[in-house]
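Residue numbers (this note's numbering): 6 to 176.
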């Protein structure tokens, strides 16, 4: 993973991406027991104005110059990790990116989503694996419930959370 993270930091240093934060299962490693994942979700903020079309061509061009051009599943393989570059498009994703925290993984500085934003994104998406992850967060109690509830309220996810919570909790 170290080489993958070094490459992400190179893209940032080169000005190809302005900022990034790791989300998904890799970010969840900081809070809950690790689960199997075979890719890395990297949320990025694009400099271009909001439009219908988003291009990641500058990222892929630079990665090709660095020797990475193989795609596997939904991501480009950097070292051994398929990396999905996900432009932060919703208000929730953009705020999660702005509020990401600095961490160190294998000696490399990275930014990762906080537990509360990871959980809110799980609620927003609502897949089966998101519900499992939410259950893990609840079991671990490794989040600020007041902040989580605030995020849910501000992004109109409280009703969806109530339904999910009713399914994943035995209360």
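Here a beta-carbon is modelled for each residue, glycine too, at the ideal position from N, C-alpha and C.
Query: How big is the Cα-Cα spacing for residue 84 and residue 111?; Result: 14 Å
Query: In the structure shown, what three-state DSSP assignment does residue 6 receive?; Result: coil
Query: In whole angstroms, what is the alpha-carbon distance linking residue 90 and residue 136?; Result: 23 Å
Query: Can you list, in chain order, the residues of its chain whose CB lies under 6 Å from that of residue 4, leaving out five sequence neighbours each side?; Result: The first residue shown for the chain is 6 and the last is 176, placing residue 4 beyond what the model contains.
Query: With three or more beta-carbon pairs closer than 8 Å as the criterion, would you say the stretch 117-136 touches the stretch 27-36?; Result: yes
Query: Please tell me whether residue 12 and residue 61 are closer than 9 Å, where the distance is taken between their beta carbons.; Result: no
Query: Name the DSSP beta bridge partners of residue 89, please?; Result: 46
Query: Kindly indicate the opening and closing residues of the alpha helix (DSSP H) around residue 78.; Result: Note, residue 78: premise wrong, no alpha helix (DSSP H); not H, not E.
Query: So, are the CB atoms of residue 113 and residue 10 less than 9 Å apart?; Result: yes
Query: Using the C-alpha atoms, what's the distance from residue 99 back to residue 174?; Result: 29 Å
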